[in-house]
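Residue numbers (this note's numbering): 183 to 556. Cβ coordinates follow ideal geometry from the N, Cα and C atoms, glycine included. Read through the structure below, which is laid out as structure tokens, and then see the notes.
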Ligand SMILES: Cc1ncc(COP(=O)(O)O)c(C=O)c1O
């Protein structure tokens, strides 16, 4: 039995015939850039997310760049973003002349701490990047309320939580990524909706922004060789769109498989004294991009080594908050005690659409064995 952190091979075997046929069709047609599958996928994803416009692009980092370019915030404006996060949001801000201001995360959901937003706002703050980490949404009711009060733009980075939902206090439910002014996502292969290379998209209900994002991603062109803006080249290629079209039809089934696997882990790990299984918000349906638990007795690295010895992979998301990296340590920030303690506690277990109970039983028994020896 081989246990993988992410098993894209088994997933491909299940849909091989459809994928192979689609790729053969694209190659035979040879419209590799902006072929019909790209528009088709963009329409299907817009329908799935119930959002007005989906603009596909080359990856999730570009999606953030395009969103920020289209917003045209004054140079030097501050944008609030969590330090306990993947690098993409923090990286794109200085690239487009903006300043990241880091704030802390919640010890329970590991998402940004909404209650620290207002205290982080300065006269330079113009936007917030709300990152829905590991498969679960931030409190968008609260974030949108604060944003309205302080006139901030909200960008949702939904690279890790596509298909996840948020239920507002008034009872309405929306898909994550469709709630702020702009949403972004990634189709990196291991993501819940992943392609077979790089891919990403920007989502918005604002037609004017959608038009600008489209232009910025296509060399700033209104039409061929007519440059209205200074843009970049960031496109989703036709083959990736064809693959995504097939996988989007199965996204909800994939999410259910992840949720089932998470349920199994919860059931078999939550009684272990030193383990804190992932917290589930009442307002967001968790789509378990990662099963990121906490090891509370300071033995996380020992556990990781023990599991490795038994052929069980695991990952640390994230080993260091961004403000502790050389490239980002000069940017403004509030105190970050939670981010600084999470880095020593988090451990992500194998999570994908093809985990079997046999694999999970072995993983859970091995973890129990580690703690019983303590
Ligand atoms: C939260 C988050 N944002 C953005 C990205 C960037 O996506 P990509 O790798 O497609 O550029 C990632 C990718 O891992 C991510 O996890």
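The three-state reading of DSSP puts residue 505 in helix, counting H, G and I together.
Residue environment for residue 332: exposed (fewer than 16 other C-beta atoms within 10 angstroms of its C-beta).
In this structure, the straight-line span from the alpha carbon of residue 267 to that of residue 212 is close to 39 Å.
At least one heavy atom of ligand 1 lies less than 6 Å from the C-beta of residue 243. Secondary structure of residue 390 (DSSP, three-state): helix.
Taking residue 539 as the centre and dropping the five residues before and after it, the same chain places the C-beta of 446 closer than 8 Å to its C-beta, in chain order. Per DSSP, the continuous beta strand (DSSP E) segment holding residue 283 begins and ends at 281–285.
In this structure, residue 548 keeps its C-beta atom at 7 Å or more from the C-beta atom of residue 490. The C-beta of residue 283 has 16 or more other C-beta atoms within 10 Å across all chains shown, which makes the residue buried. Distances from the CB of residue 342 to the heavy atoms of ligand 1 include at least one below 6 Å. When C-beta atoms of the region 458–467 are compared with those of the region 415–427, fewer than three pairs fall below 8 Å, so the two segments do not count as touching. Per DSSP, the beta-bridge partners of residue 403 are 409. One Cα belongs to residue 514, the other to residue 271, and the distance between them is close to 15 Å. Sequence-distant Cβ neighbours of residue 546 in its own chain, meaning closer than 8 Å and more than five residues away, are 446, 447, 450 and 451.
Contact between residue 262 and residue 310 holds, since their C-beta atoms are separated by about 4 Å, short of 8 Å. Beta bridge pairing from DSSP links residue 474 with 530. The secondary-structure analysis by DSSP pairs residue 543 with nothing; it has no beta-bridge partner. With a 10 Å radius around the Cβ and a threshold of 16 neighbouring Cβ atoms, residue 412 comes out exposed.
Annotation: the continuous beta strand (DSSP E) that includes residue 368 extends over 364–368. Cβ contact annotation for residue 215 (same chain, cutoff 8 Å, sequence separation greater than five): 417, 419 and 420, in chain order.
Rounded to whole angstroms, the Cβ separation of residue 395 and residue 498 is 34 Å, and the two are not in contact under 8 Å. For the pair residue 321 and residue 483, the Cα-to-Cα distance works out to about 31 Å.
Look at residue 461 here: in three-state DSSP terms it is coil, with no helix or strand label.
With fewer than 16 other CB atoms across the displayed protein chains lying within 10 angstroms of its CB, residue 353 is exposed.
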